[in-house]
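Just so you know, the first sequence maps onto residues 817 to 1239 in the numbering used here. Down below is the structure, laid out as structure tokens.
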Amino acid sequence: MTPIAPPRGTKDLLPDEAPAWEWLHRAHAAVAARFGYQLIDTPIFESTELFARGVGSGTDIVDKEMYTFTDRGGRSVTLRPEGTAPVVRAVLGAHLDQRWRPVRVHYAMPMFRYDRPQAGRLRQHAQVGVEVIGERDPGCDAEVIEVAWRFIADLGIDGVSLQLNTLGDKDDRLGYRQSLLAYYTPLRDSLCEDCRRRLDVNPLRLLDCKKDAHHVENAPLLGDHLSAPSREHFAAVTGHLGDAEIPFTHNQRLVRGLDYYAHTAFEFWHTSLAGAQNALGGGGRYDGLAEQLGFAPTPGVGHALGVERLLTVAVDQGIAPRAGPPAQVVICTVGEESAATARTLARQLRDRTSVVSDVSDRRLDRKLRDAGRSDATLALLVGMDEGLVLRNLRTRQQQVTTSDRVLDAVSAELLAAAQDPRT
RNA sequence: GUGGCUAUAGCUCAGUUGGUUAGAGUGCCAGGUUGUGGCCCUGGAGGUCGAGGGUUCAAAUCCCUCUAGCCACCCCA
């Protein structure tokens, strides 16, 4: 019988990696909290319509990457492919924006996309993100970027570049789309296969093409089709970023895949990531989304970052915390009759520290070897002729003690070990 | 979703033009040592050769299908 494997494109979080995972989540929550963001969480699945309407048809997410099922009640449900639409639904659905504005929330949630797995691309991955809902001020655009930037800096990751662009408002994009079509349609026959498809489906994506770079160079720029208010909005955002001393690249070819974006769009790139999966995260402004979902028009802006990709970089750069010992103290028994004593001692010691007992019938040298490998600090040997033996696994020195004094002896040894710079 | 590469012990990998019972290193378990982490010595367990089918007297090896991983594309986190 073949052993059951995890579903395609999924990955287990194993104890060795769990501390880095926690470290990253805590860092994001801590930065967000300092900026006044509160924790939010939404269901792992939603009605399919939320994404169909919110994210928009014509996007890859909706057209080919949704994990959609029909439940037993005949409803179409979809595993959440991204966080913004659900969070906006939750915030506006609960009328949080009527208490104070804007609503600032942060989240850490798993996302699902039915994609072909690849390094840096999973069917289930996690994102940490923030949203500011109910305010159109460009200061908020800069703020969500600053939160992300500071989070990355707090982790200690370097080599990240901020790619920034403005998509203008809906009218700007409509006008730009027209001039793109006017430019590209006569060139149709000289375009690559993908671009011909883009021309029909999503003309803005034409700018992404690497093969037809010469066409892209001469293509009209979105920046030339911006209304005065759109230009002002963008100028304000870049001004705030300058104040915050956050460097960025104005990338006029940056076009985000989701329909609901307006004005600010950004991505964080990292060169060391494998292959084409070099985006750590991104975000932007989505002033049209609330309406799409059937709520009153409400502006919003946010960011989201990929946890697995951040961890890949953090591990590469050697800054991710490694797993520590499961327990500080390992009790090793000698002889069958010591097991009961070991359990009693363990119970008492757990008031002060973490303890595991090895009451197996294996040889003492194997028990000590495993204790040493687990990186525990102390071993307590029970059942020896001379009494209780407390062994320091780092210094390899040991002392004989009694059940009355063992708690203090353990505390003293742990304190000494903690102060030892070698550990 | 498209194309390419790959899959042999827990891990890293050998395995010849198809030929007996599929190997090595490392790890694991045990003994040497009723009781001290390393080293050393001895022994042992562990594989339906990714899964299923086909060709053949004979398949880890050749063919087909499927699954999974990786790479490129698409796109993104």
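Heads up, the beta-carbon is just placed ideally off N, CA and C, and yes, glycines get one too. Nothing here was measured: the structure is a model prediction, and the numbers come from that model.
- When C-alpha distances from M882 are compared across N1094, L908, D931, the shortest belongs to D931.
- With contacts defined by Cβ atoms closer than 8 Å, G950 and P1115 form a contacting pair.
- For G909, the enclosing alpha helix (DSSP H) covers residues 900 to 909.
- Unbroken beta strand (DSSP E) stretches of 3 residues or longer found wholly inside the stretch 954 to 1038: 976 to 982, given in chain order.
- Annotation for P933: no alpha helix (DSSP H) segment contains it, and DSSP assigns it neither H nor E.
- Linking T886 to S892 through their CA atoms gives a straight-line distance of about 5 Å.
- The alpha-carbon of T1169 is positioned some 16 Å away from that of L1209.
- For the 8 Å CB-CB criterion, S977 and T1080 do not form a contact.
- Remark: three or more beta-carbon pairs, one from each stretch, lie closer than 8 Å, so the stretch 862 to 870 and the stretch 896 to 913 are flagged as touching.
- Taking the Cα of R952 as reference, the smallest distance to any Cα among A1120, R1101, S1176, A1234 is reached at R1101.
- Going by beta carbons, H1086 and V944 fall outside the 8 Å limit.
- Listed in chain order, the non-local C-beta contacts of P926 below 6 Å within the same chain comprise Q940, A942, local neighbours out to five positions each way being set aside.
- Annotation: S1046 to E962 spans about 21 Å, alpha carbon to alpha carbon.
- Boundaries of the beta strand (DSSP E) harbouring V893: 892 to 895, taken from the DSSP string.
- For Q1164, the enclosing alpha helix (DSSP H) covers residues 1155 to 1165.
- Going by beta carbons, K986 and A1052 fall outside the 8 Å limit.
- Ranked by Cα distance from T982, the first of A998, V1150, G1097, S1043 is S1043.
- Within a 10 Å sphere around the beta-carbon of H911 sit fewer than 16 other beta-carbons, which makes this residue exposed.
- A straight line joining the alpha-carbon of D913 with that of A1155 spans about 60 Å.
- Under the Cβ criterion (8 Å, minimum of three pairs), the stretch 1116 to 1126 does not count as touching the stretch 1142 to 1162.
- DSSP places V1226 in the uninterrupted alpha helix (DSSP H) bounded by 1222 to 1235.
- The three-state secondary structure of P1142, taken from DSSP, is coil.
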